[in-house]
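Visitor:
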Amino acid sequence: ARINQKWFKAFASSETMYMMVLEAIKDYSDYVNKIDDNEREKSIHKYTALKYIHGRGLQQFLEIITLMKNGFADGAYSRWRSLYELNIIASFISKYGEELAESYISSHNTEDRYEWARACGEFSPKKIYISFDDIRKKSNFPSELWQQPYRISNEVTHASSQGTFNRLGLMDGEEKISVGHTDYGLTIPGEHSAITIAQLTGLLLMVYPSGDSIIAAKMINKWVNVVREQYFKTHDYIFPDESKLWDNEIN
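Residue numbers in the sequence shown follow my numbering, run continuously in steps of one, and reach 360 at the last position.
(1) Roughly how many angstroms separate the alpha carbons of Arg276 and Tyr213, rounded to a whole number?
(2) Since Ile329 and Thr310 are thought to touch, with beta carbons under 8 Å apart, how far apart are those beta carbons, to the nearest angstrom?
(3) Hey, Ser302 and Ile173 are a contact pair by Cβ (cut 8 Å); roughly how many whole angstroms apart?
(4) What does a CB cutoff of less than 7 Å around Ile244 pick up in its chain, not counting 5 residues either side in sequence?
(5) By DSSP, does Val265 sit in helix, in strand, or in coil?
(6) Ends of the alpha helix (DSSP H) at Gly294?
(7) Tell me whether Gln368 is buried or exposed, calling it buried when 16 or more other Cβ atoms sit within 10 Å of its Cβ.
(8) According to DSSP, simplified to helix, strand and coil, what is Glu253?
(9) Which residues in the same chain have their Cβ closer than 6 Å to the Cβ of Thr371, if we skip the five residues on either side of it in sequence?
(10) Tell me, please, whether the CB atom of Thr125 is closer than 8 Å to any CB atom in chain D?
(11) Beta-carbon within less than 8 Å of Lys439's beta-carbon, same chain only, minus the 5 sequence neighbours each way: which residues are those?
(12) Output the boundary residues of the alpha helix (DSSP H) element that contains Phe170.
(13) Please determine, among Ser187, Ile162, Arg190 and Gly230, the residue with the shortest C-alpha to C-alpha distance to Glu208.
(14) Using the three-state DSSP reduction, which class does Ile286 fall into: helix, strand or coil?
(15) Please name the residue, chosen from Lys160, Met126, Ser122 and Tyr127, that lies closest to Asp139 on a Cα-to-Cα basis.
(16) If you follow the alpha helix (DSSP H) that Trp332 is part of, which residue opens it and which one closes it?
(17) Go through its chain and collect everything with a Cβ distance to Leu176's Cβ below 7 Å, but skip five positions before and after it.
(18) By a C-beta neighbour count over all protein chains shown, 10 Å radius and 16 as the cutoff for buried, is Thr273 buried or exposed?
(19) Could you please give the first and the last residue of the uninterrupted alpha helix (DSSP H) stretch that includes Val316?
(20) If we count Cβ pairs, one from each stretch, closer than 8 Å, do we get three or more for the segment 349-356 versus the segment 121-130?
(21) Put Glu150 into one of helix, strand or coil per three-state DSSP.
(22) Kindly indicate the opening and closing residues of the alpha helix (DSSP H) around Ile197.
(23) Hey, Ser203 and Lys151: beta-carbon distance below 8 Å or not?
(24) Between His163 and Ile134, how many whole angstroms is the CB-CB distance? I'm expecting something under 8 Å.
Right, dumping it as structure tokens:
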């Protein structure tokens, strides 16, 4: 209850974003269902793949919010890792189009994790197996900018020494073992999850672009700044001795 009392504005901004995205996708689905059959058929596999990926991502976004509201920064960031990876897969499918999307969909009843990616035509037949990192390098997603956050999310997910001793939910220098709720470290999953769900939503809304879908994508992207402001300002208020995250003159 104390965590929600302190962070309620930040949590409300994330929950509002969840509803904004959900409503935008509902309206977009109605629009797609009404367009000409021949036009819809041109990108139907890409639309289907991205719609399912987005649905999974939106649920994970809600999971992140739920974990943050319960004071689990590390758990929230671990779920962000999955959301981030979905974004890369969606970017890869968006780049290479229908044949690749069809391969992705048809592979769901197999045990091959990434063999579907060969349909992009970019991998040598001599390559024994396709890895997630191979897909990342071929996608249009700017993953180089996210190397450090992704590394940290891996650490908090796996049984690494770094993830065990360097918890997001503990202040730097605290020699404690966190076993429950904490109100520290929520800014990182809060900000990053908003950015990532906005990027993932934009990919889906641009499969069959329209005036309304373009406006919706821009509105959702602008809301990221609202989320950032709420989390940063809340952090600065709760932890006045920490370095300031929000500067009104810069932001």
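C-beta: ideal position from N, C-alpha, C; glycine also.
All figures in this text were calculated on a predicted structure; none of them were measured in a lab.
Guide: Inspection of the coordinates gives the following:
(1) Counting from 1 along the sequence shown, the entry for residue 276 is found at position 167. Counting from 1 along the sequence shown, the entry for residue 213 is found at position 104. Each residue's Cα considered, the two are about 36 Å apart.
(2) Taking the sequence shown and counting its residues from 1, one reaches residue 329 at position 220. Taking the sequence shown and counting its residues from 1, one reaches residue 310 at position 201. Rounded, the Cβ-Cβ distance is 6 Å, consistent with contact.
(3) Working through the sequence shown from its first residue, we reach residue 302 at position 193. Working through the sequence shown from its first residue, we reach residue 173 at position 64. 5 Å between Cβ atoms; contact.
(4) As a first step, residue 244 is located in the sequence shown; it is residue number 135 there, counting from the start. The residues are Ile197, Ile198, Phe201, Tyr223 and Ala226.
(5) The residue given as residue 265 occupies position 156 in the sequence shown. In the structure shown, Val265 sits in a helix (DSSP, three-state: H, G or I).
(6) Reading the sequence shown from its first residue, position 185 is the one you call residue 294. Counting along the chain, Gly294 falls outside any alpha helix (DSSP H), and DSSP gives it neither H nor E.
(7) Absent from the structure is residue 368, since the part of the chain shown begins at 110 and ends at 360.
(8) To locate residue 253, count along the sequence shown from 1; it is residue 144. When secondary structure is reduced to three states using DSSP, Glu253 falls in the helix class.
(9) The chain is shown from 110 up to 360; residue 371 falls before or after that span and cannot be answered.
(10) Note that chain D does not occur in the displayed structure, where there is just one protein chain.
(11) Absent from the structure is residue 439, since the part of the chain shown begins at 110 and ends at 360.
(12) Locating residue 170 in the sequence shown gives position 61, where the first residue counts as 1. Taken as a continuous stretch (DSSP letters only), the alpha helix (DSSP H) holding Phe170 covers Ile153 to Lys178.
(13) Here residue 208 refers to the residue found at position 99 of the sequence shown. The option with the nearest alpha carbon to Glu208 is Gly230.
(14) Taking the sequence shown and counting its residues from 1, the one referred to as residue 286 is at position 177. Correct three-state label for Ile286: coil.
(15) In the sequence shown, the residue the question calls residue 139 occupies position 30. Nearest of Lys160, Met126, Ser122 and Tyr127 to Asp139, Cα basis: Lys160.
(16) Here residue 332 is taken as the residue at index 223 of the sequence shown, counted from 1. Taken as a continuous stretch (DSSP letters only), the alpha helix (DSSP H) holding Trp332 covers Gly320 to Ile347.
(17) Start at 1 with the first residue of the sequence shown, and residue 176 comes out as number 67. Excluding sequence neighbours, Leu176 sits near Gly184, Ala185 and Arg188.
(18) Walking along the sequence shown from the start, residue 273 turns up at place 164. So Thr273 counts as exposed.
(19) Counting from one through the sequence shown, the residue named residue 316 turns up at place 207. No alpha helix (DSSP H) contains Val316, which DSSP labels as neither H nor E.
(20) no
(21) As a working mapping, residue 150 is identified with position 41 in the sequence shown. Helix.
(22) Sequence index remark: in the sequence shown, residue 197 carries index 88 (1-based). Note, Ile197: alpha helix (DSSP H), Ala182 to Tyr205.
(23) The sequence position of residue 203 within the sequence shown is 94, counting from 1. The sequence position of residue 151 within the sequence shown is 42, counting from 1. Between Ser203 and Lys151, the gap from beta carbon to beta carbon reaches 8 Å or more.
(24) As a position in the sequence shown, residue 163 is number 54, starting the count at 1. As a position in the sequence shown, residue 134 is number 25, starting the count at 1. His163 to Ile134, Cβ: 7 Å. Contact.
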